[in-house]
Amino acid sequence: MKHLLDIQSIEVGDIHQILSRAKDFKDALASGRSCEDILSGKVIINMFFENSTRTLTSFQMAAYRLGAQVINWQVSSSSTKKGETFSDTMECVAGYHPDAIVVRHEEFKAPYTVKKIVDCPVINAGDSWRAHPSQALLDVFTMQENLGDIAGKTIAICGDVAHSRVASSNVEILGKLGARVHIVAPDSLLPNMSKHTHVETFNSLEDGLVGCDVVMMLRNQKERMEAADVPDDVEYFHAFGLTQERLARANEDAFVMHPGPMNRNVEIADDVVDDPVKSKIFEQMANGLPVRMAIFEWALK
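Mapping the sequence shown onto the numbering used here, position 187 (from 1) lands on 178, and the numbers just tick up by one.
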């Protein structure tokens, strides 16, 4: 049984398989070809204990595009609001024998808990600050579409790295695929990266963007940090916001990514987000659909 719990637990061959099928699905979607026979008859439950727009919608759409039926479990109307434990909730759901469960939860390694209880593939849609593997896969898919092979390329990940599960999973997948990573953040948001030999850290955008092929910005995860961790938004933008002037420090053909949601003019300037050549942000968001289709097929076929 295949699970997508984090990047560490899947092989490079699985990564390549998912990315290759994502390209097939993207081409199929563009040409209007139906893929609804692939998971016809399957039932997938989306269990999101945290808010989501892009991830939840794209997982739901991916399941529909493959012909599966979807149940969106709502935490706001669930028995967890009556005091039921997470484990008891999952025991209950396991009894209905879904074909796959997609789970997002604030607890560290929550999908591993789910895996122990249910008898179906578990797909991690984000847990605590630890992991967001489907986001890392779609990020790399976007990079490959624009760069080709990313081995030897340099990717800057900038902003609140300390609290970002996107950053954590991207560091892992980029290392597995042979890329170099520049982590750029103020000291208060810069985690210890010493165990990663492919990572170099910087506390200045001007320095950290030099030689980079991709610049990925991250929002400040204020829901996971102390107020003292960052200055106010205006001060942060002046010190660490991505402007066209700062972007010019990267390689000439470098492009910009952001997993969303964006805080415009906090970590990234309006004219960078809307740059018709440099910004791949909305392309990146759209790639969540074919990549998550590929994840479902990989896990369920």
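Built from N, CA and C at the ideal position, the CB exists for glycine as well.
Neighbour-count burial assignment, residue i, 16 or more Cβ in a 10 Å radius
i	result
Phe99	exposed
Ser270	buried
Ser159	buried
Thr44	exposed
Ser49	buried
Gly279	buried
Val109	buried
Arg237	buried
Thr80	buried
Met248	buried
Met284	buried
Cys111	buried
Gly232	buried
Ala230	exposed
Asp204	buried
Val282	buried
Glu226	exposed
Thr188	exposed
Gln275	buried
Pro102	buried
Lys17	buried
Met207	buried
Residue(s) in a DSSP beta bridge with residue i
i	result
Val205	Ile146, Phe246
Glu191	His173
Gln65	Phe39
His96	Asp118
Leu233	Ile259
Ser0	Per DSSP, none; premise fails for Ser0.
Leu238	Answer is none; Leu238 lacks a bridge partner.
Leu(-5)	Ile114
Ser270	Val247
Short Cβ contact (8 Å threshold) for residue i with residue j
i	j	result
Phe77	Thr104	yes
Ser155	Leu209	yes
Ala127	Ile1	no
Leu57	Leu30	yes
Glu273	Ala53	Rather than Glu, the amino acid found at residue 273 in this sequence is Phe. No. Outside cutoff.
Val257	Asn211	yes
Val175	His123	no
Glu66	Phe39	The displayed chain sequence assigns Val, not Glu, to residue 66. Their beta carbons are under 8 Å apart, which means Val66 touches Phe39 by this criterion.
Residue i, enclosing beta strand (DSSP E) - first and last residue
i	result
Gln86	With the sequence shown as reference, residue 86 is identified as Gly, and Gln is not the correct amino acid for it. Taken as a continuous stretch (DSSP letters only), Gly86 belongs to no beta strand (DSSP E), as it is neither H nor E.
Asp118	113 to 118
Span of the alpha helix (DSSP H) around residue i
i	result
Gln8	3 to 22
Ile259	That residue, Ile259, is in no alpha helix (DSSP H); it is neither H nor E in DSSP.
Leu280	279 to 291
Arg45	45 to 56
Asp130	124 to 138
Leu165	156 to 167
Glu197	196 to 199
Ala101	101 to 108
Within-8 Å CB hit, residue i to chain D
i	result
Ser155	In summary, chain D is missing from the structure at hand, where a single protein chain is found.
Practice problem: Take every Cβ of the region 110 to 129, pair it with every Cβ of the region 254 to 267, and state whether three or more of those distances are shorter than 8 Å. | Solution: In the pairwise beta carbon analysis, the region 110 to 129 is classified as not touching the region 254 to 267: fewer than three pairs are separated by under 8 Å.
Self-check item: the region 128 to 135 touching the region 10 to 30, judged by at least three CB pairs closer than 8 Å
Solution: The region 128 to 135, when compared against the region 10 to 30, does touch it at the 8 Å Cβ threshold.
Quiz item: Do three or more CB pairs link the region 88 to 105 to the region 159 to 177 at distances below 8 Å?
Solution: With a cut-off of 8 Å, the region 159 to 177 and the region 88 to 105 do not count as touching, because too few Cβ pairs lie within range.
Quiz item: Below 8 Å, can you find three or more Cβ-Cβ pairs linking the region 132 to 150 to the region 193 to 212?
Solution: The region 132 to 150 vs the region 193 to 212: in contact.
Quiz item: Below 8 Å, can you find three or more Cβ-Cβ pairs linking the region 54 to 70 to the region 32 to 40?
Solution: The answer is yes - the region 32 to 40 touches the region 54 to 70, with three or more Cβ pairs under 8 Å.
Quiz item: Are the region 171 to 191 and the region 236 to 253 touching by the rule of at least three beta carbon pairs closer than 8 Å?
Solution: The way I'd put it, the region 171 to 191 doesn't touch the region 236 to 253; fewer than three beta-carbon pairs between them come closer than 8 Å.
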